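Take the sequence shown: its letters are residues 18 to 313, numbered as in the numbering used here.
The C-beta atom is built at its ideal place from N, Cα and C for all residues, glycine as well.
Everything numeric in this text was worked out from a predicted model, so none of it was measured.
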Amino acid sequence: MIQIEECPVCRSKSLNPVFKTTDCVVSGDSFGIVECGSCQIRLTQPIPDEEEILSYYDSEDYISHSETTRGLINRLYAVVRKVMIVRKRKLAQSLGPSEPGKLLEIGCGAGAFLNGMNQSGWEVLGIEPDERIRDAVRARYGLAVVSPEEWFSQPESSYDVITLWHVLEHLHNLDDYLRKISTSLEDDGVLIVAVPNYYSYDAEYYQSRWAAYDVPRHLYHFTYKSLTELLKHHGLTVTAIRRLPFDAFYVSMLSEKYKEGFTARGLLIGLISCLKAFINVRRSSSIICIAEHKNP
Ligand SMILES: [Zn+2]
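As structure tokens, this is what we get:
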């Protein structure tokens, strides 16, 4: 386990305990959550190293990595995922060049978004750490997918759009990734980063039971402020923020499931969170930040 001594965003050593939370998906282990006194990013404390963390992904219930449709929440997730892939594709197309360009997806998982973009005429590359998943994406869609190590050793290539859909919070070597992402982005390219947002109403309601803390797989817990500051350190300016409205329902229902609560209450909390996010986008259960290489 690695004890975090300083904030990975602003390097402050003022890391204040918030609460303890439990891995309800795989291990049942408890982890602390600490908050940076300066930029307000929250961190899982301590974090398993890159070897140790592999066992924490080893579960059929870890649905981000599988396509199970067992149970109401998973069935709902499967439907929402299909809708979201279309929305994500439309967003990437609207932000990218007028003609289909080059897309890099970090953490492409089962490859559905990558395939959608490819079918729309984009040249795509996916980065995925799990060899079995890389093989599955190649076999199913015939798309180019490489491991992070292969990508880091590749010569520089420029992309019009780079996406990280709920991936940044999983990356151990945050600075190495962001440095490589920044140099791989075209001068007028756009970076799209989606992360869970602990400043949301559902996070506030569920506190340490908020499912999107997802310890220890989520190493960092962002808000608009801390994500914006992190990207700024790598020469990327956040130019827009968007909501991911369905996440409030999904995360709230999952939070109820973990504490043996009521699915219906999860839907209600999700609805309240969603409405609050329509008033203030920075309170969305998950936020999408769009960043570019330009000065504010
Ligand atoms: Zn900080």
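Cβ-Cβ distance between residue i and residue j below 9 Å
{"i": "residue 185", "j": "residue 239", "result": "yes"}
{"i": "residue 178", "j": "residue 248", "result": "no"}
{"i": "residue 250", "j": "residue 212", "result": "no"}
{"i": "residue 156", "j": "residue 141", "result": "no"}
{"i": "residue 59", "j": "residue 42", "result": "no"}
{"i": "residue 234", "j": "residue 276", "result": "no"}
{"i": "residue 40", "j": "residue 193", "result": "no"}
{"i": "residue 97", "j": "residue 267", "result": "yes"}
{"i": "residue 300", "j": "residue 218", "result": "yes"}
{"i": "residue 33", "j": "residue 53", "result": "yes"}
{"i": "residue 286", "j": "residue 216", "result": "no"}
{"i": "residue 206", "j": "residue 170", "result": "no"}
Delimiting residues of the alpha helix (DSSP H) encompassing residue i
{"i": "residue 181", "result": "Counting along the chain, residue 181 falls outside any alpha helix (DSSP H), though it belongs to the beta strand (DSSP E) covering 176-182."}
{"i": "residue 272", "result": "263-275"}
{"i": "residue 155", "result": "148-158"}
{"i": "residue 96", "result": "88-112"}
{"i": "residue 132", "result": "129-136"}
{"i": "residue 291", "result": "280-296"}
Terminal residues of the beta strand (DSSP E) in which residue i lies
{"i": "residue 47", "result": "47-53"}
{"i": "residue 143", "result": "140-144"}
{"i": "residue 59", "result": "59-62"}
Pairwise C-alpha distance: residue j and residue i
{"i": "residue 20", "j": "residue 65", "result": "9 Å"}
{"i": "residue 261", "j": "residue 305", "result": "7 Å"}
{"i": "residue 137", "j": "residue 117", "result": "7 Å"}
{"i": "residue 294", "j": "residue 181", "result": "21 Å"}
{"i": "residue 281", "j": "residue 271", "result": "11 Å"}
{"i": "residue 311", "j": "residue 253", "result": "7 Å"}
{"i": "residue 108", "j": "residue 210", "result": "12 Å"}
{"i": "residue 146", "j": "residue 74", "result": "12 Å"}
{"i": "residue 29", "j": "residue 308", "result": "24 Å"}
{"i": "residue 278", "j": "residue 203", "result": "47 Å"}
{"i": "residue 242", "j": "residue 302", "result": "14 Å"}
{"i": "residue 198", "j": "residue 220", "result": "29 Å"}
{"i": "residue 106", "j": "residue 132", "result": "10 Å"}
{"i": "residue 51", "j": "residue 61", "result": "7 Å"}
{"i": "residue 189", "j": "residue 90", "result": "29 Å"}
{"i": "residue 72", "j": "residue 115", "result": "43 Å"}
{"i": "residue 88", "j": "residue 128", "result": "23 Å"}
{"i": "residue 126", "j": "residue 101", "result": "14 Å"}
{"i": "residue 144", "j": "residue 151", "result": "8 Å"}
{"i": "residue 45", "j": "residue 224", "result": "17 Å"}
{"i": "residue 153", "j": "residue 298", "result": "36 Å"}
{"i": "residue 244", "j": "residue 92", "result": "31 Å"}
{"i": "residue 167", "j": "residue 288", "result": "42 Å"}
{"i": "residue 163", "j": "residue 130", "result": "16 Å"}
{"i": "residue 63", "j": "residue 25", "result": "14 Å"}
{"i": "residue 158", "j": "residue 22", "result": "43 Å"}
According to DSSP, residues forming a beta bridge with residue i
{"i": "residue 165", "result": "Paired residues: none, contrary to the question."}
{"i": "residue 34", "result": "51"}
{"i": "residue 255", "result": "308"}
{"i": "residue 326", "result": "No answer is possible for residue 326: the residues shown for the chain start at 18 and end at 313."}
{"i": "residue 28", "result": "Beta-bridge pairing links residue 28 to no other residue."}
{"i": "residue 300", "result": "Note: residue 300 sits in no beta bridge, so no partner."}
{"i": "residue 19", "result": "64"}
Residue i at chain D interface by Cβ criterion, 9 Å
{"i": "residue 170", "result": "Looking at the structure shown, chain D is missing, and only one protein chain is on hand."}
- request: Return the chain-ordered ranges of every beta strand (DSSP E) run that is complete within the segment 187-253 and spans a minimum of 3 residues.
  value: 202-213
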